[in-house]
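*Asks:* Sequences listed follow chains Z and G, in order. Read in order, the letters of the first sequence correspond to residues 1 to 375 in the UniProt record's numbering. Read in order, the letters of the second sequence correspond to residues 1 to 375 in the UniProt record's numbering.
Number of protein chains: 2
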Amino acid sequence: MATINKIGLQGKWNLSNAKKENVMNNGKVLGVDFNYSHYHNKRRFSLVIKSCNHGSTYKKVDTINGTKVNGLQVVEAPKKLSTDVALVTNGKFVEGRFVFRQIFVIRSYEIGPDRTATMETLMNFLQETALNHVTSSGIGGDGFGATREMSLRKLIWVVTRIQVQVQRYSKWGEEIEIDTWVDAAGKNGMRRDWIIRDRCTKEIITKATSTWVIMNRETRRLSKIPEEVRRELSPFYIHRIAVASEERDCEKIDKLTDGTAETTQSGLAPRWNDMDVNQHVNNVKYIGWILESVPIKVLEDYNMTSMTLEFRRECTQSNMLESMTCPTERVIGESDNNSVNRKPDLQYTHLLRLQDDKRDVVRARSEWKLKQSQQ
Amino acid sequence: MATINKIGLQGKWNLSNAKKENVMNNGKVLGVDFNYSHYHNKRRFSLVIKSCNHGSTYKKVDTINGTKVNGLQVVEAPKKLSTDVALVTNGKFVEGRFVFRQIFVIRSYEIGPDRTATMETLMNFLQETALNHVTSSGIGGDGFGATREMSLRKLIWVVTRIQVQVQRYSKWGEEIEIDTWVDAAGKNGMRRDWIIRDRCTKEIITKATSTWVIMNRETRRLSKIPEEVRRELSPFYIHRIAVASEERDCEKIDKLTDGTAETTQSGLAPRWNDMDVNQHVNNVKYIGWILESVPIKVLEDYNMTSMTLEFRRECTQSNMLESMTCPTERVIGESDNNSVNRKPDLQYTHLLRLQDDKRDVVRARSEWKLKQSQQ
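1) Going along the chain, which residues of its own chain have a beta-carbon closer than 7 Å to the beta-carbon of Z/Thr206, five neighbours each way excluded?
2) Contact criterion: CB-CB distance below 7 Å. Does G/Trp157 meet it with respect to chain Z?
3) Skipping 5 residues on each side, what residues in its chain have a beta carbon closer than 8 Å to that of Z/Gln279?
4) Can you check whether the CB of G/Thr129 is closer than 7 Å to the CB of G/Ile178?
5) From Z/Ala146 to Z/Val134, what distance separates their C-alpha atoms?
6) Please classify G/Ser223: does DSSP put it in a helix, a strand, or coil?
7) For Z/Leu299 and Z/Leu152, what's the separation of their Cα atoms in angstroms?
8) Residues of chain G with CB under 8 Å from Z/Thr118, in chain order?
9) Using a Cβ-Cβ cutoff of less than 7 Å, which residues in the same chain neighbour Z/Thr116 once the five nearest sequence positions on both sides are dropped?
10) To which residues of the same chain is Z/Glu174 closer than 6 Å at the C-beta, ignoring the five residues directly before and after it?
11) Using a cut-off of 8 Å between C-beta atoms, extract the partners of G/Asn282 located in chain Z.
12) Measure how close the beta-carbons of G/Phe93 and G/Ile176 come, nearest whole angstrom, since I'm counting them as under 8 Å.
13) Can you tell me the Cβ-Cβ gap for G/Thr211 and G/Thr180, rounded? I've got them flagged as a contact below 8 Å.
14) Considering just the uninterrupted stretch of the alpha helix (DSSP H) at G/Gln372, what are its terminal residues?
15) In angstroms with no decimal places, state the Cα-to-Cα distance between residue 377 of chain G and G/Ser136.
16) State the DSSP-derived secondary structure class of Z/Ala130, mapped to helix, strand or coil.
17) Does chain G have any CB closer than 7 Å to the CB of Z/Gly141?
18) Pick out whichever of Z/Arg220, Z/Ile290, Z/Ile238, Z/Gly143 has its Cα sitting closest to the Cα of Z/Gly96.
19) How would you call G/Arg162, buried or exposed, if buried means at least 16 neighbouring beta carbons within 10 angstroms?
20) Which two residues bound the contiguous alpha helix (DSSP H) that contains Z/Ser245?
21) Do you know how far the Cα of Z/Asn282 is from the Cα of G/Thr209?
22) On the criterion of 16 or more Cβ atoms from any shown chain inside 10 Å, does Z/Gln355 qualify as buried, or is it exposed?
23) Given that G/Pro113 touches chain Z, what residues does it touch there, using C-beta distances under 9 Å?
24) What number of angstroms, rounded off, separates the C-alpha of G/Met215 from the C-alpha of G/Arg363?
25) Mind checking whether residue 377 of chain G and Z/Gly288 have CB atoms under 7 Å apart?
26) Taking the straight line between their C-alpha atoms, what separation do you get for Z/Asn303 and Z/Trp368?
27) Identify which residue in G/Ile253, G/Asp198, G/Lys202, G/Leu346 has its Cα closest to the Cα of G/Lys297.
28) Assuming contact is defined by CB atoms lying nearer than 7 Å, are Z/Phe100 and Z/Gly91 in contact in what I supplied?
29) Please return the same chain residues whose Cβ sits closer than 6 Å to the Cβ of G/Thr118, not counting the five positions on each side in sequence.
30) Ends of the beta strand (DSSP E) at Z/Ile205?
31) Using DSSP with H/G/I as helix, E/B as strand and the rest coil, what is Z/Arg359?
32) By Cβ distance, which residues of its chain are closer than 8 Å to G/Ile253, with the 5 residues on each side in sequence left out?
33) Using 7 Å as the limit for Cβ to Cβ distance, is G/Glu322 near chain Z?
34) Taking the beta strand (DSSP E) that G/Met190 falls in, what are its first and last residues?
35) Counting only beta-carbon separations shorter than 7 Å, does Z/Gln127 have a partner in chain G?
36) Per DSSP, Z/Pro327 forms a beta bridge with which residues?
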């Protein structure tokens with residue numbers, strides 16, 4: 001349930017992380033194709049066996065991990081099918097309808113100079129799982145993550161804020177497993193969270209959370225969530241939090257000015273291929289421009305451990321952008337907790353703004369830790 | 001066997017497409033893992049059936065595409081387990097050791113404004129299959145596609161020329177199947193070809209061919225192929241051509257000048273994330289810059305059906321680039337053949353050059369066809 005458009009939040013809705021309990025039995029959803037084949041992490045394996053003696057008679061043989069059904073114990077031959085292909089191609093539901101999972105292998109062109117996945121790559125993966133989640137749920141409409149009832153009303157999703165916490169960046173060739181789910185966020189918002197795990201060790205290596213609202217794609221005005229849309233969404237809502245409340249970066253991001261920015265990079269021009277299907281700049285592309293005003297020594301010697309992006313205005317190919325950065329002293333989280341890894345070595349505030357009228361497009365905050373010498 | 005570095009070709013080797021016959025039985029290659037489960041494009045599907053009445057007795061039931069075996073016709077239920085996971089994650093060998101195959105699903109962030117895969121995406125896929133080919137072959141060294149004997153000698157691959165012919169761009173969510181293989185190209189070069197097929201229909205939708213030479217990564221000088229390296233490579237060589245000789249774009253690409261270029265876009269600055277592991281600009285990134293000097297109406301209304309890139313000089317982050325484009329009248333291929341689809345509506349010559357001393361980095365040629373109105 002993602003869109004790659006965004007616009008300034010002028011609405012008056014409460015987008016706080018409402019602790020709304022999950023509505024488990026909230027109406028029936030038309031056309032939802034639940035895929036339970038990884039239900040409880042057991043491989044479900046269905047066959048239709050046709051008797052050769054009684055040509056037209058079909059019997060359904062159903063097994064879970066080789067348990068016998070219908071008088072036959074059916075066991076898969078020793079092939080290398082330990083991972084379901086669907087998990088790698090388009091992802092699939094796990095835990096019933098609530099959590100959607102997809103596996104990615106870090107490819108050669110998705111890594112940066114230090115041979116690990118970049119923040120852009122991670123954000124691309126998050127977008128991909130979100131979209132596949134909607135498609136697999138059966139409620140998808142004709143748009144980029146919009147539901148059918150949204151498409152009927154020309155409504156689209158816009159992300160207003162996303163926070164990504166990276167414990168460790170995966171190397172080229174490593175496999176990661178991304179879980180995503182959604183929940184209500186106040187009356188007219190939706191929260192989408194993600195957990196990225198190392199596929200082998202199951203270690204959590206990235207956590208992310210985001211807030212979405214609905215916009216009319218023609219008037220570009222924000223909209224309440226229509227009741228019909230809420231009925232499509234709510235069966236999928238689950239009250240589960242990827243980023244713990246003490247680690248959530250909910251604070252306002254200061255707007256940098258010519259006076260407060262330490263470095264400014266002007267003349268950043270969107271390229272043709274930075275555009276999405278709606279001729280707007282793809283969200284993920286902003287990260288590259290933000291990094292343009294970060295000192296090169298920081299890019300070389302530090303890992304970005306956290307990034308919070310606040311999307312405020314759309315940007316098209318005709319816009320020229322300025323990237324501004326300023327170091328900050330702010331410390332996220334409780335100072336007395338024992339998660340020493342969370343304390344960054346560097347913190348920055350960023351602003352991407354239109355070069356002509358100086359209106360802000362994206363505000364951002366980043367945290368960095370010195371790379372380990374053994375890397 | 002790819003690298004993302006490139007440098008001007010100053011060598012004197014014959015890189016013509018030598019019709020060297022394949023050396024079929026030329027030595028044993030350590031660690032090659034052949035996987036035949038897609039042998040002859042038939043889905044092979046094995047089950048072990050255990051009778052419930054005679055607990056310990058196993059009978060092997062083997063079916064190919066649902067043909068009956070052992071008195072039972074076993075038909076797969078409509079599940080999507082037809083693909084071997086390895087094909088999707090890292091690719092695998094087909095046809096013995098000679099052809100390497102990988103499947104890709106076009107992801108949401110790999111498409112352009114018209115919702116189809118971009119030329120950059122295709123080139124990324126080509127690079128990925130090439131690298132996975134080397135890794136899977138068991139001869140890979142520590143570098144980006146270098147063999148062990150190359151790594152021992154500090155040698156790397158550099159691509160000097162690549163031609164990509166696109167019949168049709170795949171849409172978001174479509175599955176494609178890429179085959180790649182290598183052959184000798186003259187005495188000191190290697191040719192790598194690719195065929196991209198629609199995974200469902202098997203229709204060929206893209207063909208590509210490239211020429212590679214070896215360079216010393218410290219002196220940056222071109223090198224002959226050492227005998228030890230040739231012994232690693234030659235068991236994988238197969239004489240097979242993706243792009244037919246009459247469609248090969250072997251002609252010299254004219255160098256544009258301020259006088260001949262019709263449009264010039266200056267001030268193109270590589271971003272941090274455009275760099276590869278060697279701190280040089282990744283090959284694929286050049287395409288975006290080349291498109292910067294193509295008229296926007298062409299990008300909107302035409303599909304690029306062919307691109308030939310000639311890599312001439314390395315580029316680092318400190319370099320500023322200029323992109324130049326000029327329409328040309330040249331027609332590729334025989335004018336009297338019947339492949340009417342091959343005749344482009346537009347042709348362009350391109351040059352990417354360093355802004356300060358005007359030395360050329362990449363020369364390119366592109367062909368375009370008007371988009372179908374029904375698209």
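Idealized CB from N, CA, C, for every residue including glycine. The structure displayed is predicted, hence computed values, not measured ones.
*Replies:* Checking against the coordinates, here is how it stands:
1) Excluding sequence neighbours, Z/Thr206 sits near Leu122, Val164, Gln165, Val166, Gln167, Ile196.
2) It does not; no Cβ of chain Z falls within 7 Å.
3) Same-chain partners within the cutoff: Thr316, Gln317.
4) With respect to the 7 Å criterion, G/Ile178 and G/Thr129 are classified as neighbours on the basis of their beta carbons.
5) Going from the Cα of Z/Ala146 to the Cα of Z/Val134 covers about 8 Å.
6) In the structure shown, the three-state DSSP call for G/Ser223 is strand.
7) Distance between the alpha carbons of Z/Leu299 and Z/Leu152: 45 Å.
8) Those within 8 Å of Z/Thr118 in chain G are Asn273.
9) Result list for Z/Thr116: Tyr169, Ser170, Lys171, in chain order.
10) Excluding sequence neighbours, Z/Glu174 sits near Ile106.
11) Tyr109, listed in chain order.
12) Their Cβ separation, rounded to whole angstroms, is 18 Å, which puts G/Phe93 and G/Ile176 out of contact at 8 Å.
13) Contact between G/Thr211 and G/Thr180 does not hold, since their C-beta atoms are separated by about 14 Å, which reaches or exceeds 8 Å.
14) Segment: none, G/Gln372 is in no alpha helix (DSSP H) and carries neither H nor E.
15) A question about residue 377 of chain G goes unanswered here, because the residues of chain G that appear run from 1 up to 375.
16) Three-state result, Z/Ala130: helix.
17) For Z/Gly141, no CB of chain G lies under 7 Å from its own CB, so it is not counted at the interface with that chain.
18) For Z/Gly96, the nearest C-alpha among the options comes from Z/Ile238.
19) It is Ile, not Arg, that sits at residue 162 of chain G in the sequence shown. Classification of G/Ile162: buried, given that the 10 Å Cβ count is 16 or more.
20) In this chain, Z/Ser245 is not harboured by any alpha helix (DSSP H), its DSSP state being neither H nor E.
21) G/Thr209 and Z/Asn282: Cα-Cα distance of roughly 31 Å.
22) Around the Cβ of Z/Gln355, a 10 Å sphere holds fewer than 16 other Cβ atoms; the residue is exposed.
23) By Cβ distance, chain Z contributes Trp272, Asn273, Met275, Asp276, Val277, Asn278, Gln279.
24) Straight-line Cα distance between these residues: approximately 20 Å.
25) This structure leaves residue 377 of chain G out entirely; chain G is present only between 1 and 375.
26) So the alpha carbons of these two residues sit roughly 5 Å apart.
27) Measuring from the Cα of G/Lys297, the nearest candidate turns out to be G/Leu346.
28) Closer than 7 Å, so yes.
29) Excluding residues within five positions, the ones whose Cβ falls inside 6 Å are Gly112.
30) Membership of Z/Ile205 in the beta strand (DSSP E) is indicated by the continuous run 204-216.
31) In the structure shown, Z/Arg359 adopts coil according to DSSP, grouped into three states.
32) Closer than 8 Å at Cβ, skipping near neighbours: Thr308, Glu310, Thr349, Arg363, Ala364, Arg365.
33) At a cut-off of 7 Å, the C-beta of G/Glu322 has no neighbouring C-beta in chain Z.
34) In this chain, the beta strand (DSSP E) harbouring G/Met190 covers 189-198.
35) By this cut-off, Z/Gln127 is an interface position.
36) Under DSSP, Z/Pro327 forms a beta bridge with Z/Tyr348.
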